[in-house]
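Take the sequence shown: its letters are residues -19 to 141, numbered as in this note's numbering. Using N, Cα and C, we set each Cβ at its ideal position, and we do this for glycine too. Before any comments, here is the structure.
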Amino acid sequence: CLQRADAKNQNGRVYPKDILMREVKNYKKLVKDNRALGELDHPEDSVINLRNVSHQITDIWMDTNKVMGKMKVLDTPSGGILRSLVDSGVSIGISSRGLGSVTESAGKTMVEDDFQLICFDMVSEPSTPGAFMMRENKNRINEVFTKADRINRALNEILED
């Protein structure tokens, strides 16, 4: 889980579902172009600094009110730190970075329609509840899917290319 819609996060912000759906649709273009990069920790500015990139988002989608995604850790200095932390059992959070205005309403900070998603960074404390990196267990996939399922999945991947 990368982000949640219509729920107050630790920063007091609420991201409306229609805004997140729009931004996920736009972000899919970056994913497709292999430009969906993120940094280790949130920087002070909105520019993705390539020397601090640690990971790449490889897939993103909406699942009801959750923005879900897959990422790969890159072989960069920051990616090496991220990999080492994960290998050591550290829980790493995921946090969106974006630009836009907010309004205060009933104790909530509502993200407005001008919000633009920039990226997802890896952080020590995510603002979205439950937004932690989980290792993909490829062996588990073989236990859950039948041989026919795996063949169909492989054929679908070939046909998509």
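- prompt: Does the ligand FAD have a heavy atom nearer than 7 Å to the CB of residue 66?
  reply: In the structure on display, the ligand FAD does not appear, and there are no ligands present to speak of.
message: For residue 179 and residue 77, I'd like the C-alpha separation in whole angstroms.
response: This structure cannot settle anything about residue 179, because the visible part of the chain is limited to -19 through 141.
query: Anyone know if the C-beta pair for residue 91 and residue -4 falls short of 8 Å?
result: Residue mapping note: residue 91 aligns to position 111 of the sequence shown, counting from 1. Residue mapping note: residue -4 aligns to position 16 of the sequence shown, counting from 1. Between residue 91 and residue -4, the gap from beta carbon to beta carbon is short of 8 Å.
message: Whole angstroms are fine: how far does the CA of residue 114 sit from the CA of residue 120?
response: To locate residue 120, count along the sequence shown from 1; it is residue 140. To locate residue 114, count along the sequence shown from 1; it is residue 134. Residue placement at residue 120 is poorly supported in this model, since its pLDDT is 37, which falls under 50; the coordinates are not used for a value here.
- request: Use the C-beta contact count for residue 56: other C-beta atoms within 10 angstroms, 16 or more gives buried, fewer gives exposed.
  value: Position 76 of the sequence shown holds residue 56. It is buried - the Cβ of residue 56 has at least 16 other Cβ atoms within 10 Å.
Integer-rounded CB distance, given that residue 17 should sit under 8 Å from residue 111: Counted from its first residue, the sequence shown places residue 111 at position 131. Counted from its first residue, the sequence shown places residue 17 at position 37. The pair is not a contact, with the Cβ atoms about 18 Å apart (cut-off 8 Å).
Three-state class that DSSP yields for residue 40 in the structure shown: Your numbering for residue 40 matches position 60 in the sequence shown. In the structure shown, residue 40 adopts extended strand secondary structure according to DSSP, grouped into three states.
query: Going by other Cβ atoms of all chains shown within 10 Å of its Cβ, with 16 needed for buried, is residue 19 buried or exposed?
result: On the sequence shown, position 39 is the one that residue 19 refers to. It counts as buried.
task: Please name the residue in 107, 47, 32 and -2 whose C-alpha comes closest to that of residue 95.
output: Here residue 95 is taken as the residue at index 115 of the sequence shown, counted from 1. Cα-wise, what sits closest to residue 95 is -2.
- prompt: Who are the Cβ neighbours of residue 7 in its own chain at under 7 Å, not counting the five residues just before and after it?
  reply: Residue 7 sits at position 27 when you count from the first residue of the sequence shown. The beta carbon of residue 7 is closer than 7 Å to those of 16, 40 and 97 in its chain, skipping five residues each way along the sequence.
query: Which class does residue 119 belong to by DSSP, given the choice of helix, strand or coil?
result: Translated into the one-based positions of the sequence shown, residue 119 becomes position 139. Confidence at residue 119 is low in this model, with a pLDDT of 40, below 50, so its placement is unreliable and the value that follows should be read with caution. In the three-state scheme derived from DSSP, where H, G and I count as helix and E and B as strand, residue 119 is classed as helix.
Complete beta strand (DSSP E) runs within the segment 89 to 119 (minimum length 3 residues, chain order): Unbroken beta strand (DSSP E) runs of no fewer than 3 residues, entirely contained in the segment 89 to 119, are found at 96 to 103, following chain order.
query: Alpha carbon to alpha carbon, what distance is there between residue 3 and residue 13?
result: The residue given as residue 13 occupies position 33 in the sequence shown. The residue given as residue 3 occupies position 23 in the sequence shown. Cα to Cα, the separation comes out at about 16 Å.
Exposure of residue 58, with buried meaning 16 or more beta-carbon neighbours within 10 Å: In the sequence shown, residue 58 corresponds to position 78, counting from 1. If you draw a 10 Å sphere on the C-beta of residue 58, you find 16 or more other C-beta atoms in it, and that means buried.
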